[in-house]
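Position 13 of the sequence shown, counting from 1, maps to 13 under full-length UniProt numbering, and the rest follow consecutively.
No residue lacks a Cβ here, since even glycine has one placed at the ideal position from N, Cα and C.
Below: the structure, in structure tokens.
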Amino acid sequence: MAANSTVVDRNEEDDPLDTIPLVFHCVGCRTIIGDSLSWVCADQNLRTVSLSAVTPFVHVATEDGMEISAEGEDLGSTFVVLKCATCQSQIGRIYKTTPKQLDMIRDMYTLDCSSIKSYKLGSNKEKSIKTTEELLEIPTAQTLLSEIVKIQSVVVALSERLCDLENQVNSNKRNDSTSVSPNDTITSTTYTRTRKSSQNDMKRHLNETNQSDQEQGPSKQKRKRVT
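Right under this line is the structure:
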């Protein structure tokens, strides 16, 4: 399933020169063992390329001879050996069980880059033999998707931070336009209290004056009559 999706991704809307297949052959006897039309992926850590199909010149060991990887990224994986049917040299393996990160190559024909070479068809005027490093640099759909997801996550995070900063700036502007300083609040409160106290004092004084006038009124009238 991974193999099919990768092949489609590599072939869709590609330049014609990029779709010219590579032919893989045994490094020992040059027997053709497969081509890039069956390309699945390359693993730089394992230094392998995986194909979904190979030629009849590849011999697959029986599962009775299944082996277990004792080191490396595929530690604990089980596999059967692939050999060149012509010279009997070991050229790769088919994984039967793998860690999760290697699910893509399970049941695929995984070839050791040290045991194969490649030739690009129709490239008489160009360098035709691809080196091991060049083979390992060919991207897969899964790798490209992983990089896109990483970039997307970074862009989303930056966008969220930018929105938060814009909201904070707008909030600060609103607060600056409507806020009153503590000193202004204290001054206003003190003024209000002083004003109310003055008004109360004036009312109290007027009441006392009125009462005094009322009490002194009859005595004034008596003094006038005596006079």
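Q | residue 148 burial status per 10 Å Cβ neighbour count (16 or more: buried) | A | The residue in question, residue 148, is exposed, as its Cβ has fewer than 16 Cβ neighbours within 10 Å.
Q) Using DSSP with H/G/I as helix, E/B as strand and the rest coil, what is residue 111? A) Taken through DSSP and simplified to helix, strand or coil, residue 111 comes out as strand.
Q: Could you name the residues of the same chain whose beta carbon sits closer than 8 Å to that of residue 105, not counting the 5 residues immediately before and after it, in chain order?
A: Here the set comprises 40, 41, 43, 48, 50, 95 and 98.
**Q.** Simplified DSSP assignment, three categories, for residue 69
**A.** Coil, per DSSP.
Q: Look at the Cβ atom of residue 117, then the Cβ atom of residue 27, and state whether they are nearer than 8 Å.
A: Their beta carbons are under 8 Å apart, which means residue 117 touches residue 27 by this criterion.
Q) Tell me which same chain residues have a C-beta within less than 7 Å of the C-beta of residue 35, skipping the five on either side of it? A) Within the same chain, residue 35 has close Cβ partners 21, 22, 23 and 24.
Q. Roughly how many angstroms lie between the CA atoms of residue 1 and residue 82, to the nearest whole one?
A. In this prediction, residue 1 has a pLDDT of 36, which is less than 50 and means its spatial position is unreliable; nothing more can be read from the coordinates.
Q | Cβ-Cβ separation, residue 65 to residue 80 (assumed contact under 8 Å), whole Å | A | Confirmed, about 6 Å.
Q. Is the distance from the Cβ of residue 84 to the Cβ of residue 58 below 8 Å?
A. Cβ distance < 8 Å, so residue 84 and residue 58 count as in contact.
Q) Which one of 175, 52 and 172 has the shortest CA to CA distance from residue 111? A) For the residues 175, 52 and 172, the minimum Cα distance to residue 111 belongs to 52.
Q) For residue 37 versus residue 77, is the C-beta distance shorter than 8 Å? A) In this structure, residue 77 does not lie closer than 8 Å to residue 37 by Cβ.
Q) What is the rounded straight-line gap between the Cα of residue 126 and the Cα of residue 109? A) Summary for residue 126: the model assigns pLDDT 49, below 50, so the residue's position carries little reliability; its value from the coordinates is reported in the next sentence. Distance between the alpha carbons of residue 126 and residue 109: 28 Å.
Q: If I'm right that residue 146 touches residue 115 with Cβ under 8 Å, what's the distance once you round it to whole angstroms?
A: With a Cβ gap of about 28 Å, residue 146 and residue 115 do not count as contacting.
Q. Applying the criterion that 16 or more other CB atoms from any shown protein chain within 10 Å of the CB defines a buried residue, is residue 74 buried or exposed?
A. Classification of residue 74: buried, given that the 10 Å Cβ count is 16 or more.
Q) Does the Cβ-Cβ distance between residue 87 and residue 29 come in under 8 Å? A) Judged by their CB atoms, residue 87 and residue 29 are nearer to each other than the 8 Å cut-off.
Q. Hey, would you say the C-beta of residue 68 is under 7 Å away from at least one heavy atom of the ligand HEM?
A. Looking for the ligand HEM in the displayed structure turns up nothing, as the structure carries no ligands at all.
(Q) By the three-class DSSP mapping on this structure, what secondary structure does residue 27 have? (A) Note: residue 27 maps to coil in three-state DSSP.
Q | Residue interval of the beta strand (DSSP E) (run including residue 245) | A | The requested residue 245 does not occur in the structure, where the chain is confined to residues 1 to 227.
Q) Exposed or buried, what is residue 46 when buried is set at 16 or more other beta-carbons lying within 10 Å of its beta-carbon? A) Only buried fits residue 46, as 16 or more other CB atoms lie within 10 angstroms of its CB.
Q. When burial is assigned at 16 or more other CB atoms within 10 Å of the CB, is residue 33 buried or exposed?
A. Answer is buried; the Cβ neighbour count reaches 16.
(Q) Quick check on DSSP: helix, strand or coil for residue 74? (A) In the structure shown, residue 74 falls within a coil segment according to DSSP collapsed to helix, strand and coil.
Q. Alpha carbon to alpha carbon, how far is residue 56 from residue 107?
A. Residue 56 and residue 107 have their alpha carbons spaced roughly 17 Å apart.
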